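>
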DNA sequence: AACCAGGACACAA
DNA sequence: TTGTGTCATGGT
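Numbering (the numbering used here), first residue to last: 95 to 392.
(1) Under 8 Å: do the segment 143 to 161 and the segment 300 to 318 share three or more Cβ pairs, one atom per stretch?
(2) Quick one: is residue 109 buried, meaning 16 or more other Cβ sit within 10 Å of its Cβ, or exposed?
(3) Would you kindly work out how many angstroms separate the C-alpha atoms of residue 305 and residue 206, rounded to a whole number?
(4) Using the C-alpha atoms, what's the distance from residue 238 back to residue 380?
(5) Just to confirm, are residue 121 and residue 224 a CB contact at a threshold of 7 Å?
(6) Shortest alpha-carbon distance to residue 231 belongs to which of 241, 215, 255?
(7) Can you give me the C-alpha to C-alpha distance between residue 386 and residue 193, rounded to a whole angstrom?
(8) Applying the criterion that 16 or more other CB atoms from any shown protein chain within 10 Å of the CB defines a buried residue, is residue 378 buried or exposed?
(9) Given a threshold of 16 other Cβ atoms within 10 Å of its Cβ, counted over all protein chains shown, does residue 248 qualify as buried or as exposed?
(10) To which residues of the same chain is residue 101 closer than 6 Å at the C-beta, ignoring the five residues directly before and after it?
(11) Determine, using beta carbons only, whether residue 188 and residue 371 come nearer to each other than 7 Å.
(12) How many Å lie between residue 290 and residue 321 at the Cα?
(13) What did DSSP end up calling residue 235 once you bin it into helix, strand or coil?
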């Protein structure tokens, strides 16, 4: 039979669970009957909202909830963050439309491997690749219902033992050698993921970019979503188009110029601003036109 | 049925 | 240093 389930409630305010778990920063959360089911640090977890309270069910012994508070970032000063944004129409509109959207604090290796797989992929496909990896190579974890199959995200050590073909069977295509190479470097200490917390953001970024398949954008995602470097501002195709539309409707700057702009303009919590803009352009601005409106001109 | 996706990389200029 | 073709796979 399944593992016993422990329930606890956390008082939260300004926390939009749906937006947070479904905004393209983490890829394993699934909706199951009004609740979100996922895995945090090898623990099966179910999350739900009711009466301004966050209801948590987990197979992990209650007591020290630090792993949960840290992952969900329950203790951040939300108001201070959104009030630090510049007072322009675009970002203020995004905050107004997405109030309660949060950044998570994910495990570095899972975040890193997932975003190596993310390049030039739609979010639904990234989720499928990550699921394939977990189903094939993740350790079994305790689950409340024996009919379900809970697994942790596979360790770097485990993936380093895979063949490139086994990874390609997870449908990650040309990213397979990247994931394999990164897993090997991380496993034999070429890059120490546990040491990046103590580095300045720029140095941590340089370390990450030593890994195969990790360029500026993937590195920034990991810096922001796993290490909490809030000055990191990942620029993908959506953010690039969004910034062009909202801030530079005529000029159309290139990627480097956008990096310059975003490194100062949005302030010390720029990474949060980035997540608001990302969610905003995807759920509000471009919904009716599905991208065509901003196609390359000429 | 084309077009594009939370890009990185080797290679050109 | 900045710009282009290529790389799998599948959603819309």
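In this text, a Cβ means the ideal position worked out from N, Cα and C, and glycines have one as well.
All figures in this text were calculated on a predicted structure; none of them were measured in a lab.
According to the structure data:
(1) no
(2) Along the first chain, read from residue 1 onward, the residue named residue 109 stands at position 15. Per the 10 Å Cβ criterion, buried.
(3) Counting from one through the first chain, the residue named residue 305 turns up at place 211. Counting from one through the first chain, the residue named residue 206 turns up at place 112. Each residue's Cα considered, the two are about 10 Å apart.
(4) Here residue 380 is taken as the residue at index 286 of the first chain, counted from 1. Here residue 238 is taken as the residue at index 144 of the first chain, counted from 1. Between residue 380 and residue 238, the C-alpha separation is close to 40 Å.
(5) Taking the first residue of the first chain as 1, we reach residue 121 at position 27. Taking the first residue of the first chain as 1, we reach residue 224 at position 130. Their beta carbons are under 7 Å apart, which means residue 121 touches residue 224 by this criterion.
(6) For the purposes of this step, residue 231 is identified with residue 137 of the first chain, where counting begins at 1. Residue 231 has its Cα closest to that of 255, out of 241, 215, 255.
(7) For the purposes of this step, residue 386 is taken as residue 292 along the first chain, with counting starting at 1. For the purposes of this step, residue 193 is taken as residue 99 along the first chain, with counting starting at 1. With a pLDDT of only 39 at residue 386, under the threshold of 50, the placement of this residue in the model should not be trusted, and no figure is reported.
(8) Translated into the one-based positions of the first chain, residue 378 becomes position 284. Exposed, since its Cβ has fewer than 16 Cβ neighbours within 10 Å.
(9) The residue labelled residue 248 in the question sits at position 154 within the first chain. Residue 248 counts as buried, since no fewer than 16 other beta carbons sit within 10 angstroms of its beta carbon.
(10) By one-based count along the first chain, residue 101 stands at place 7. Contacts found: 151.
(11) The residue you call residue 188 lines up with position 94 of the first chain. The residue you call residue 371 lines up with position 277 of the first chain. Remark: C-beta atoms of residue 188 and residue 371 approach each other more closely than 7 Å.
(12) Your numbering for residue 290 matches position 196 in the first chain. Your numbering for residue 321 matches position 227 in the first chain. About 8 Å.
(13) Translated into the one-based positions of the first chain, residue 235 becomes position 141. In the three-state reduction of the DSSP assignment, residue 235 falls in the coil class, being assigned neither a helical nor a strand state.
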